[in-house]
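*Asks:* Structure incoming, see below.
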Amino acid sequence: MVDHQHILLDPSDLKDTRSGFGQGLLEAGKGNDNVVGLCADLTGSLKMNAFQDAFPDRFFQVGIAEANMMGLAAGMTIGGKIPFTGTFANFSTGRVYDQIRQSIAYSEKNVKICASHAGLTLGEDGATHQILEDIGMMNMLPNMTVVVPADYEQTRQATLAIAQHHGPVYLRFGRPKVPVFIKPDAPFELGKIQRIVRGTDVTLVACGHLVWESVIAAKALAEDGIQAEVLNVHTIKPLDHATLVESAGRTGAVVVAEEHQRNGGLGSIVAQTLSQHQPTKMDFVAVDDQFGESGKPAQLMEKYGLDAATIVQKTKALLGR
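If you're matching positions, the sequence shown starts at 3 in the working numbering and goes up one per residue.
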């Protein structure tokens, strides 16, 4: 049963989640003079132009110097600023992991690390830019909050929410235009799973671009008499253990779907939680220990099995249907 209070079943609007970040950052800037933006030569790609135009004195173009950007952001927090750093997810994490660990996470600095072009849907730039390890890297850092919203509207909501949250945050979003299915008035709470489809036979646990694919999968499964529950895990850390354990206990089967490596991502985190609190039969839709490649986002998602069809296939196999 779809929760019509939260989502649109037939969304007509397509928007990129990075634009949701840009809109949210502008709104956060209007609401708090301490919000500042830093970008590593990718202002247009991160959709930070509107913030830059509205608040030129609060925007800092640091150039292709991501490590320096993280250090600058950490220092700004000492003076009470709330810095939002912007670059591609690969450069937001892999290139600057030492700076994040030492200057931001260990020091508990109030920096918002905002990462676009994550995962395979970066597309044509290929394997060197398509980071698929970042959720795991950020999740392992003490003091770090990890947020992976599902669409434009939820990315806007998440950006506003992390501006209010005190502490280091990793916000992950993407490049392609995807359906806008979360309603603007749907509640958003950091650390709280959003149940968007209610079911009794299997729980589909997803984040980011795979949430909508899970909704499509749930509709297809319903036609075959399988009632799938869909959980939108927009906050991966801290994880909402209570909602996850309750759902898994009720359905008895879980399929986790994410645009990330199978090792160390949402699937690993969910499996660890359930092994401790609610042992459950599981399967995983994720990149299986491979690097990406150059191609159109939709083609890559299909080739690597990050789509509704694969979710349906693995769900049926898990249930023995």
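Backbone N, C-alpha and C define an ideal beta-carbon position, used for all residues, glycine too.
(1) Return the chain-ordered ranges of every alpha helix (DSSP H) run that is complete within the stretch 70 to 139 and spans a minimum of 4 residues.
(2) What distance in whole Å lies between the Cβ atoms of Lys-179 and Asp-290, which are believed to be in contact at a cut-off of 8 angstroms?
(3) Determine, using beta carbons only, whether Gly-121 and His-243 come nearer to each other than 8 angstroms.
(4) Please give the ranges of any beta strand (DSSP E) in the stretch 259 to 295, keeping only runs that are unbroken, at least 3 residues long and fully inside the region.
(5) Could you compute how far the alpha carbon of His-279 sits from the alpha carbon of Val-247?
(6) Grouping DSSP H, G and I as helix and E and B as strand, with all else coil, what is Glu-68?
(7) Could you give the first and the last residue of the continuous beta strand (DSSP E) run that contains Val-314?
(8) Between Val-149, Gln-104, Phe-175, which has its C-alpha nearest Met-240's C-alpha?
(9) Classify Asn-36 as helix, strand or coil using the three-state DSSP reduction.
(10) Short of 7 angstroms in beta carbon distance, which residues of its chain neighbour Ile-133, apart from the five on each side in sequence? Order them along the chain.
(11) Are Val-258 and Ala-165 close, meaning C-beta to C-beta below 8 angstroms?
(12) With three or more beta-carbon pairs closer than 8 angstroms as the criterion, would you say the stretch 20 to 31 touches the stretch 201 to 209?
(13) So what does DSSP say about Arg-197, is it helix, strand or coil?
(14) Whose CA, out of Lys-114, Leu-268, Ala-42, Glu-126, lies closest to the CA of Leu-302?
*Replies:* So, to answer that:
(1) 91 to 95
(2) Residue 290 sits at position 288 when you count from the first residue of the sequence shown. Residue 179 sits at position 177 when you count from the first residue of the sequence shown. Incorrect: roughly 27 angstroms between the Cβ atoms, too far for contact.
(3) Locating residue 121 in the sequence shown gives position 119, where the first residue counts as 1. Locating residue 243 in the sequence shown gives position 241, where the first residue counts as 1. In this structure, His-243 does not lie closer than 8 angstroms to Gly-121 by Cβ.
(4) 283 to 289
(5) Counting from one through the sequence shown, the residue named residue 279 turns up at place 277. Counting from one through the sequence shown, the residue named residue 247 turns up at place 245. Spanning the two alpha carbons is a distance of roughly 7 angstroms.
(6) Counting from 1 along the sequence shown, the entry for residue 68 is found at position 66. In this structure, Glu-68 counts as helix in the three-state DSSP scheme.
(7) Along the sequence shown, one-based indexing puts residue 314 at 312. No beta strand (DSSP E) holds Val-314; the alpha helix (DSSP H) holding it covers 310 to 321.
(8) Numbered from its first residue, the sequence shown carries residue 240 at position 238. Going by the sequence as given, residue 240 is Pro instead of Met. Minimum Cα distance to Pro-240 is reached at Val-149.
(9) Mapped onto the sequence shown, residue 36 falls at position 34. Looking at Asn-36 - three-state DSSP - the assignment turns out to be coil, as it is neither helix nor strand.
(10) The residue given as residue 133 occupies position 131 in the sequence shown. Here the set comprises Ala-91, Asn-92, Thr-95, Gly-96, Ala-120.
(11) Along the sequence shown, one-based indexing puts residue 258 at 256. Along the sequence shown, one-based indexing puts residue 165 at 163. Going by C-beta atoms, Val-258 is not nearer than 8 angstroms to Ala-165.
(12) no
(13) As a position in the sequence shown, residue 197 is number 195, starting the count at 1. Three-state DSSP puts Arg-197 in a strand.
(14) As a position in the sequence shown, residue 302 is number 300, starting the count at 1. When each option's Cα is compared against that of Leu-302, the closest is Glu-126.
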